[in-house]
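Single-structure report; data block below.
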Amino acid sequence: MVKAVIFDWDGTLADTRAAVVGSFQQTLKTVNLEISDNYIERRMGIGAAETFREILRETKQPVDEELVKRLVEDKSQNQINLKNQVQLFQGAVDLLELLQNKVKVGLASMNSKRVIDAIVNARGLGKYFQTIITVEAVRQFKPQPEVFLKCAQQLDTLPSKCIVVEDSLFGVKAAKAAGMECIAVTTGAYSKEELEQENPDIIVENLEQAKFYLLNNNYLFL
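Heads up: take any position in the sequence shown, counting from 1, add 77, and you land on my numbering.
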C-alpha cells in the first residue's frame, strides 16, 4: 500500500513552460548565446546548471563553472519575475486536497529553492507538502534517483511505499531507479510514446486521471 505521493513541479503540477523558457532565454541574451525554445523545453527536469552546461557545449563554449553559477542565479531571478505566467494544471489543487490526511505528500524538483518557494508560496500550496526537496539538496540530478530517495527519507517512508507523479523522461527514469511506482502525465514536453519507453506504471493525460487511478487502485485508504 502506498504511504506517500511525491510530485514533480515543472510540467506536472504547474504549467511553467513559458516562465522556464523565458527565464533561460533572458539569461542567455546577457552572454550573447542563442538556443531554440525546444532545446530548453526538452531539458526541463535536469536542473538549470546542467542545462546551461549542455547549452555551452552545444554552442561550442567552454564550460566555466563560475559562469554556470552566475547564469543559474540570473535564471532563477528571471523565473521569479515571471511567476505570474505560471498556471496550475486543472485538478492540481483537488488532488492535493484529496491526499491530505490519507498519505504523506512531498515535492521533489530540480528547480531552485528560491524559485519553488516563491511560486509555491504565491499559490498558497506550501500547506500541502510535508517536505520539499530542491536541486540544492542533491549532488546527482534526475535521471539519478537521489532527489526522490531524499524526499522519501524526509517523509520517513520506504521507497517501495512511494508513488511519484512526473512528466519528464528524466523524472520517470529517476522514480523507477529509486524503486518507486510512477504515474507519468503527458502535460510536459514529452509524448505518450516517449514516456512509454521509460516504463512508468501508468501514463495519464492529466491530474484528474491521476486522481482516478489512485482512487480506483485503493491507494488512499478510501
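Glycine included, C-beta positions come from ideal geometry on N, C-alpha and C. A quick note: this is a predicted structure, and the numbers were derived from the prediction, not measured.
- For residue 225, the enclosing alpha helix (DSSP H) has its first and last residue at 223-231.
- Each residue's CA atom was taken as its position, placing residue 273 and residue 246 some 9 Å apart.
- The segment 218-228 makes no contact with the segment 157-172; the number of CB pairs closer than 8 Å stays below 3.
- Relative to the Cα of residue 171, the nearest Cα in the group 289, 294 and 293 belongs to 289.
- Residue 216 counts as exposed, since fewer than 16 other beta carbons sit within 10 angstroms of its beta carbon.
- Of 235, 211, 125 and 89, the smallest CA-CA separation from residue 104 is found for 125.
- In the DSSP secondary-structure assignment, residue 249 is not bridged to any residue.
- Approximately 6 Å separates the beta-carbon atoms of residue 208 and residue 232; this is inside 8 Å, confirming the contact.
- DSSP, reduced to helix, strand and coil, places residue 184 within a strand of the structure shown.
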